[in-house]
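Worksheet for the structure shown next.
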Amino acid sequence: MTKIKKIFLSEDEMPRQWYNLAADVKTNPPLGPDGNPISPEMLAPVFPMNIIEQEVCQDRWVDIPEGILELLVRWRPSPLVRAYALEEALGTPAKIYYKNESLSPAGSHKPNTAVAQAWYNKEFGIKRITTETGAGQWGSALSFACSLLGLECKIFMVRVSFDQKPFRKMMMNTWGGNCVASPSNETNAGREILAKDPDTPGSLGIAISEAIEQAVTDPKGETRYALGSVLNHVMLHQTIIGLETQKQLAKVGIKNPDIVIGCAGGGSNFAGLSFPFIHEKINGADIRVIATEPFSCPTLTKAPFGYDHGDVAKMTPLLPMYSLGHTFIPAPIHAGGLRYHGMAPLVSAALKNELIEAQAIHQLECFESGILFSKTEGIIPAPETTHAIASAIREAKQAKEEGKEKTIVFNFSGHGLMDLVGYEKFLTGQLDDYELPMEIIERYLAEIKDYPKPNFV
Ligand SMILES: Cc1ncc(COP(=O)(O)O)c(C=O)c1O
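So the working numbering is basically just the index in the sequence shown, starting at one, shifted up by 3.
In structure tokens, the structure reads:
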């Protein structure tokens, strides 16, 4: 048989249901300001009720509405690609596959949930959506989704990325989105932070506070907030990635891979690929699942598991998650989407239950891996994605040492065509490795030491 490079699914073969890990892995409930579990009604000013229902849903399989399938089919199913050239360069007996999520209109996995969230908001009668964005991938994905559905979109973009990635803003504008640098002068949360530190690089935690504040203060009540990661419903929408991958692997006779890898910022692309495989693992399959993060923002590898807010101004409920503390300001590394202080409660629960492993990798190894990938497979990866590639390369080298023909699958979460400033800095020797010192982590954690502790089951 000739070598198959790309495994496609027809549009008819696209999954019709999402997989919900909440049915199989228990998490502690989000808590309100009084320390008691929040009710769905308390979230109503922030999210439309149909999304809140999905956030608390415990069903294992959730039907994807026809209207959302019609939006997803614009770029899905995405191909699963065998990285023959990378394998050859590494001289590994491992089979390396990547799920290419960079082919969406915005260039990453983010539109998978953006179109779903915009669709549910529209169904509920919402006219305008506010959000935050780090690297700009999520903001552009939501602008794209809102343009398809005729909704207004307002994006608070973390200052450092706003300056590093001007073309992302132009993409958002092209789709009709309105993007401002965060912290901004448009909200109380932004003004307070600017008054204390006018030169702050910003953080996702700050941008989230601004976006929620604008949503809940709309006097007409026609605005809601959308989050691009972290929450259960976002993880749910992304599972289409792993569900497609399972069907694609079956086409080349692979029931389960040996290793599944994703980079983890708030956890959504990692969850999207891995949760359907974790379902198999819970049912007896022998699969290693690895979440990779930067050493400079080591949420899964160094932070404690506890309750924390998702944003600086404490507008979100307390979520049970690994967290570096909601006031954490990360170093301005180029993987902007991996600079979040917390981690999705479901990904956190999977780690706590030892269903997954976590790994931290330095920025230079990631960029080196990204360049090897670009030179072999051809696509220039997003800086976030290079973390997954670096892990896959490590595992492929390990397979070589062990002389084992392992199957490795990783999520190619996005392309890096808007992130070339990072590549330029790497190629001209201007980037360094940075490991976040334990003293700094402890300083941020001191602020949340008295928060309630999850009684994890
Ligand atoms: C290309 C890409 N990969 C990964 C991430 C990390 O986010 P998440 O962990 O939610 O997938 C981002 C976030 O912006 C991204 O743009």
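Ideal placement from N, C-alpha and C gives every residue a C-beta, glycine not left out.
Note that the coordinates shown come from a computational prediction; the quantities given were computed from them, not determined experimentally.
Extent of the continuous beta strand (DSSP E) to which residue i belongs
i, result
"GLY265", "262 to 266"
"MET324", "321 to 325"
"PRO169", "PRO169 -> not in any beta strand (DSSP E); alpha helix (DSSP H) instead, spanning 169 to 177."
"PHE413", "410 to 415"
"ALA184", "181 to 185"
Boundaries of the alpha helix (DSSP H) in which residue i is found, first to last residue
i, result
"GLN362", "No alpha helix (DSSP H) contains GLN362, which is instead part of the beta strand (DSSP E) from 360 to 364."
"MET238", "235 to 241"
"HIS282", "271 to 285"
"ALA121", "114 to 126"
"VAL350", "348 to 355"
"PRO386", "386 to 405"
"GLU442", "441 to 449"
"LEU430", "423 to 430"
"ASN53", "52 to 58"
"VAL219", "207 to 219"
For residue j and residue i, the rounded distance between their alpha carbons
i, j, result
"GLN366", "GLN401", "20 Å"
"GLU438", "GLU126", "45 Å"
"ILE444", "ASN39", "27 Å"
"GLU404", "LYS98", "14 Å"
"THR226", "GLU155", "9 Å"
"LEU375", "GLU247", "27 Å"
"HIS344", "GLU213", "16 Å"
"LYS456", "MET324", "10 Å"
"VAL84", "GLU442", "42 Å"
"THR388", "CYS266", "6 Å"
"PRO32", "ARG446", "26 Å"
"TYR454", "ASP166", "35 Å"
"GLU104", "ALA385", "11 Å"
"MET175", "ALA109", "9 Å"
"TYR123", "GLY179", "19 Å"
"THR304", "ASP200", "29 Å"
"GLY224", "HIS282", "39 Å"
"GLY268", "PRO301", "10 Å"
Residue i Cβ short of 6 Å to ligand 1 heavy atom set
i, result
"GLN140", "yes"
"ALA92", "no"
"CYS266", "yes"
"ASN272", "yes"
"ALA385", "yes"
"SER326", "no"
"SER232", "yes"
"GLY269", "yes"
"SER377", "no"
"GLY208", "no"
"SER111", "yes"
"SER487", "Since the first and last residues shown for the chain are 4 and 460, residue 487 lies out of range."
"GLY180", "no"
"GLY38", "no"
"GLY205", "no"
With 16 other Cβ atoms within 10 Å as the buried cut-off, status of residue i
i, result
"GLY339", "buried"
"GLY419", "buried"
"ARG162", "buried"
"SER232", "buried"
"PHE278", "buried"
"TRP21", "buried"
"MET52", "exposed"
"ILE423", "Sequence check: residue 423 is Leu here, not Ile. LEU423 should be labelled exposed."
"PHE298", "buried"
"TRP141", "buried"
"VAL292", "buried"
"PHE415", "buried"
"SER3", "The structure shown does not extend to residue 3, since the chain is modelled only from 4 through 460, so no value can be given for it."
"ILE392", "buried"
"ILE7", "exposed"
"MET115", "Looking at the sequence itself, residue 115 is Asn, so the reference to Met does not match. With 16 or more other Cβ atoms within 10 Å, it is buried."
"LYS29", "exposed"
"GLN433", "exposed"
"ASP311", "buried"
Counterpart residues of residue i in DSSP-defined beta bridges
i, result
"ASP66", "GLN20"
"LYS98", "THR410"
"THR133", "LYS157, TYR228"
"THR295", "CYS266, GLN362"
"PHE308", "TYR325"
"LYS9", "VAL84"
Any non-hydrogen atom of ligand 2 within 6 Å of residue i CB
i, result
"GLY287", "For ligand 2, the structure offers nothing, since it holds only ligand 1."
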